[in-house]
Amino acid sequence: MIKSKRNLALWVVFLAAAGIAPHVLGIVKTNVLVELAGFVLYAVSLNLLLSYTGVLSFGHALFYGVGAYTTALLLYHVEGFPVIGALLLSGLAAGVIGLILSPLLVRVTGTAFAMLTLAFGQLMFILCLKFREVTGGEDGIAGYDVPNLNIPGIASFDMLDPTVFYYFALAVCVIGVLIMWYITKTPLGQVVVGIRDNTLRVDYLGYKVPQTKAIVFAVSGFFAGIAGSLFALFQGIVSTDGVLHIMVSFYPIMAILIGGIGTFFGPILGSGILIVLEDLIMRYTERAELITGLLFIGVVLYAPGGLLWLWRGLMAKLFGSKSQPASEEVEA
Amino acid sequence: MSENILETINLFYDYSGLQVLTGVDLQVEKGERHAIIGPNGAGKTTLFNVITGMYSPSRGKVMFKGKNVSGFKPHKLSRLGMGRSFQITSTFHNLSTFQNIRMGVLSRMGIRFNMFNRVDKMEDVTKETNAILERINLKEETHAPADALSYGKHRSLEVSLAMSTDPDLVMLDEPTAGMSRDETHSAVDLIRRLTEGRTMVIVEHDMDVVFSLADRITVLHHGKVLAVGRPDEIRNMKEVKDAYLGHRREV
Amino acid sequence: MSPVTAMYVAQAIHGLTYGMLLFLVASGLTLIFGMMGILNLAHASFFMLSAYFCYQVVAWTDSFWMALILAPLGTGLIGVFVERFLLRKVQQYNLGHIGDLLLTLGIALVIAEGVKTIWGTESHQVVIPPSLEGLVSVAGLEYPIYRLFIIGLAAAILSALAFILYKTRLGMIIRAAVSDADMVSALGINMPRVFMFVFGVGTIMAGVAGVAAAPMLTVFPGLADQIGLDAFVVVVVGGFGSLFGAVVVSLFLGELNAFGIQFIPRLAPVLVFLFMALVLSFKPMGFFGERDD
């Protein structure tokens, strides 16, 4: 009871803060928050693979890119295509790609999985680069209009208004993250964590491991696609370097590791640190990525569990509350 | 004479040119506790792994409940009602005792792909899991991660996990390996209780365990069945003594 | 020789040059992976770092030959430091392969950003030393001497490497460790030191490749990108820890690069990654072996 009351209070504070943020921070900072919302969704979708299924993907940009290109192509070729439709179709396209690739992806783990996803990510990168009739090559697709978000009979929102778009992105992010959080609490979420811990045993308890993993790849791909779609809607331009570059695959890994691998909420914290840090450092130096790179190495070396665990360890030391095993967060 | 729940017919298994099993005919009757023994290198563990779907037989058949299950994948065997434990403890080490057992309970109830309901709100699952924990004396360790359990308790969890899917046939691979005398004693008790009403096949080195648990014993030697019989028969069989003694002489 | 044939031969030498450079990078990567189970994502970054060192040494001393010695050595020292103080530390954590991959990824990012910070984002020219300048005419064809020099240099290193691996005691240990590190360790050999040696030599070879490439490709921040990805393909397709596989696949990729661009400009790079994906999907054990657990 106490816990749920505290959670309710946290939600109220969060929503209130998020609600007034654009009015307090101004347009420039609000745009950073929009970026953050998309990135959080993207990082959490990757975290389903890294922390829950226990596989490291070096090609998550594939799903992000498919989502972004789907939205850009739809809006470019079909004038006035509904925003929500584009968003969902983009997620669906990315999820279907995840399903299509899953028969190959489920066969490998560890380093081989990382290399296989790297290969698929690069494949998509090169395909989009080369088939410029469709994708515009390195110039990408630009100049599409984002129509108003219409809720028939109720309202019509101007998506070009930064504040409006901020609320839209926030809603998509919160809903997406909540759905993924919920899935981790279902029996499927449990089985996935079991696969991470002991794949053979899951098999011997009567579960179909490949099919279970395929569902996770599809779900993870779906939400990465949604995040890519948000990017396309917000930026108004989609190019290979922007959404399919190998760095686009690496960034969420950094966020997850900095925040805390093996946790659900760590990656959200990590995304915040990464985006805000870059925005802050960018003002003093062009080389913000050097600092984040060093931070990344520091975390791998000195806090391999991530900052969330470092924080909890500190709290435990200060207040003597007993520390929890790394799994509790993921499971309980 | 009751029917055979498990049967192997002329089972062969080659491992890179080496014949490990050379025509094993094993019969396990429904409801009995059956032990497979034999000197080191007799092929016990290989036979166990071929029956449980880890390897496919090179030749011959594995019949389970009258069905040819040779080369079936583990999850298929599990759904047909076969459970197994591992010689080297193989639980979900980061998960709590409760979550370990629940993994089997969910599968037993056919809840395998559900991603729409919260698992902690499924009361029948929770109730059943708790009941099992009670039965295996791990109630106090409900929330402890499997890794944090004492060796003996971790082994109990291992064996109980094999039975959490409520199988008709449970295959135990050296369940008391590495246990102290006391731990072995309570493990044998636990196994006896948990296998009540099931068929059990056990591969075991510890002869005390074998003789106190088994209704019937199959002795393997050089990848073949050497003898089958009740414990008291096996104990006095000359061939069996020779097989073991001969082996000891080699060592 | 007809002009068309001459063009093909020139193209083939182009491919051979890149293939040899790729081999220098990939052979270190594959040995490190085969032995230590570590896929070093920063390996190509050492290649690039050495190219920058080369630029700097040439700027200071005006001598390419000095750079050819100093830059790889400097790079090798950094490699040994990374192995001894960073990789070894991460391996103590229970992160499995993820720990190695993340650490080397971080190092790759820091090197990529570090060179931009120190040397800027523009590209730098390294002048070919006078003795290697110009063209040489053989059988009516004109080859750039510098490319022949790269091919010769790489061939010499390949021979030296093959000699060490197959004719010396150390090489025997390394080859044994590629197939079973625990076993060799149980024989009382100081494996950490062997690891450090292999890591150092691998980095130095990448460093030599970086110096050799500097005058040809110019020195710029994205220098490591293509050769890095190609080197992964070599390791995967050529087979883990296999020097022979590394040679064959490197040369193949070099030629595919040279001719593929000409005949199937769109599909050549796609084919490379598609092939790698297929190999990984269907033979992950064959190429990654028991190491990938």
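Chains as they are written, first to last, in UniProt numbering: chain A, 1 to 332; chain B, 1 to 251; chain C, 1 to 293. Don't be surprised by glycine CBs; every beta carbon is placed ideally from N, CA and C. A quick note: this is a predicted structure, and the numbers were derived from the prediction, not measured.
Given residue i, which residues of its chain have a CB within under 7 Å of its CB, disregarding the five upstream and five downstream residues?
i        : result
C/ASP293 : Residue placement at C/ASP293 cannot be trusted, given a pLDDT of 35 that sits under 50; the coordinates are not used to answer.
B/THR46  : TYR13, VAL20, LEU21
Between which residues of its own chain and residue i is the CB-CB distance below 8 Å, once the five residues before and five after are set aside?
i        : result
B/GLN99  : PHE92
C/GLN262 : GLN11
Which residues in chain A sit within 8 Å of residue i, going by Cβ to Cβ distance?
i       : result
C/TYR93 : PRO304
C/HIS97 : LEU56, GLY110, THR111, ALA114
So, with DSSP's three-state summary, where would you put residue i?
i        : result
B/ALA35  : strand
A/ILE261 : coil
C/LEU271 : helix
A/TYR284 : coil
C/ASN190 : coil
A/GLY298 : helix
A/LEU10  : helix
B/GLU29  : strand
B/THR195 : coil
A/LEU277 : helix
C/SER2   : coil
A/GLY272 : helix
B/ASN117 : coil
B/ASP14  : strand
B/THR22  : strand
C/LYS283 : coil
C/LEU39  : coil
A/VAL330 : Confidence in A/VAL330 is poor, its pLDDT being 47 and thus under 50, which makes the residue's placement unreliable; the coordinate value appears in the next sentence. Of the three classes helix, strand and coil, the one that applies to A/VAL330 here is helix, per DSSP.
If residue i and residue j are in contact, beta carbons under 8 Å, what's the gap, nearest whole angstrom?
i                      : j        : result
residue 335 of chain A : C/LEU29  : The shown model of chain A, from 1 to 332, leaves out residue 335 of chain A, and the question about it has no answer.
B/SER160               : B/ILE101 : 7 Å
C/PRO72                : C/SER50  : 6 Å
C/PHE23                : C/ALA154 : 6 Å
residue 298 of chain C : C/ILE107 : As shown, chain C starts at 1 and ends at 293. That puts residue 298 of chain C outside it, with no answer to give.
A/GLY59                : A/LEU104 : 12 Å between Cβ atoms; not a contact.
A/LEU301               : C/LYS89  : 6 Å
B/VAL24                : B/VAL225 : 6 Å
A/ALA255               : A/LEU277 : A/ALA255 to A/LEU277, Cβ: 11 Å. No contact.
A/LEU99                : A/ALA224 : Actually they are not in contact, since the Cβ atoms of A/LEU99 and A/ALA224 sit about 13 Å apart, beyond 8 Å.
I want to verify the contact list: residues of chain C whose CB lies under 7 Å from the CB of residue i, in sequence order.
i        : result
A/GLN122 : LEU229, PHE273
A/ILE281 : Here the premise fails: no neighbours, minimum Cβ distance about 11 Å.
Identify the contact partners of residue i in chain A, using a Cβ-Cβ distance below 7 Å as the criterion.
i        : result
C/VAL236 : MET115
C/VAL90  : VAL300, LEU301
B/PRO74  : ASP203, TYR204
C/MET276 : ALA119
Among residues of its own chain, excluding the 5 on either side of residue i, which ones have a beta-carbon nearer than 6 Å to its beta-carbon?
i        : result
A/ILE183 : GLY189
A/ASN150 : SER156
C/GLU142 : LEU135
B/PRO57  : LEU11, TYR13, VAL50, SER70
A/PRO22  : THR30, THR163, TYR166
Name the chain A residues whose beta carbon is nearer than 9 Å to that of residue i?
i        : result
B/GLY71  : The contacting residues do not exist; B/GLY71 stays about 14 Å from chain A at best.
C/MET196 : Chain A residues near C/MET196: none, gap ~18 Å exceeds 9 Å.
B/THR91  : ASP197, ASN198, ARG201
What does residue i reach in chain F if we use C-beta pairs closer than 7 Å?
i        : result
A/GLN235 : Note that chain F does not occur in the displayed structure, where the protein chains are A, B and C.
Below 9 Å on C-beta distance, what does residue i contact in chain C?
i        : result
A/ARG287 : GLU113, GLY114, LYS116, THR117
Quick one: list the residues of chain B neighbouring residue i, beta-carbon separation under 8 Å, in chain order.
i        : result
A/ILE215 : PHE113, MET115
Could you list which residues in chain C have their beta carbon closer than 8 Å to that of residue i, in chain order?
i        : result
A/ILE297 : LEU86, LEU103, GLY106, ILE107, VAL110
A/ILE126 : PRO269, VAL270, PHE273
A/ILE253 : LEU102, LEU105
Report the neighbours of residue i on chain B: residues whose CB is nearer than 7 Å to its CB, in chain order.
i        : result
A/GLY59  : By Cβ distance, chain B contributes nothing, its closest Cβ being about 24 Å from A/GLY59, past 7 Å.
A/TYR207 : HIS75, SER107, ARG112
The ligand MG and residue i: does any heavy atom of the ligand fall closer than 6 Å to the residue's C-beta?
i       : result
C/ILE98 : With respect to small molecules bound, the structure shown includes none, and the ligand MG cannot be examined in it.
(Q) Going residue by residue through the segment 109 to 182 of chain C, where are the continuous beta strand (DSSP E) segments of at least 3 residues, counting only ones entirely within it? (A) 135 to 138, 141 to 144
Q) Could you give the uninterrupted runs of the alpha helix (DSSP H) lying entirely in the segment 215 to 259 of chain A, keeping only those of 4 residues or more? A) 240 to 243, 246 to 259
Q | Complete alpha helix (DSSP H) runs within the segment 35 to 90 of chain B (minimum length 4 residues, chain order) | A | Within the segment 35 to 90 of chain B, complete alpha helix (DSSP H) segments of at least 4 residues are found at 44 to 51, 74 to 80, given in chain order.
Q | alpha helix (DSSP H) runs contained entirely in the segment 29 to 111 of chain A, provided each spans 4 or more residues | A | 61 to 77, 83 to 105
Q: List in chain order: all unbroken beta strand (DSSP E) runs of 3+ residues lying wholly within the segment 152 to 217 of chain A.
A: 155 to 157
Q: Can you check the segment 42 to 106 of chain C for any alpha helix (DSSP H) of at least 4 residues that lies completely inside it and give the ranges in chain order?
A: 43 to 61, 64 to 81
Q.
Please give the ranges of any beta strand (DSSP E) in the segment 123 to 191 of chain B, keeping only runs that are unbroken, at least 3 residues long and fully inside the region.
A. The DSSP assignment places 169 to 173 as complete runs of the beta strand (DSSP E) inside the segment 123 to 191 of chain B, in order along the chain (cut-off: 3 residues).
Q) Which ranges would you report for the alpha helix (DSSP H) in the segment 106 to 141 of chain A if only whole runs of at least 4 residues count? A) 110 to 130, 132 to 135
Q | Ranges of the beta strand (DSSP E) found wholly within the segment 211 to 279 of chain C, counting only runs of at least 3 | A | none
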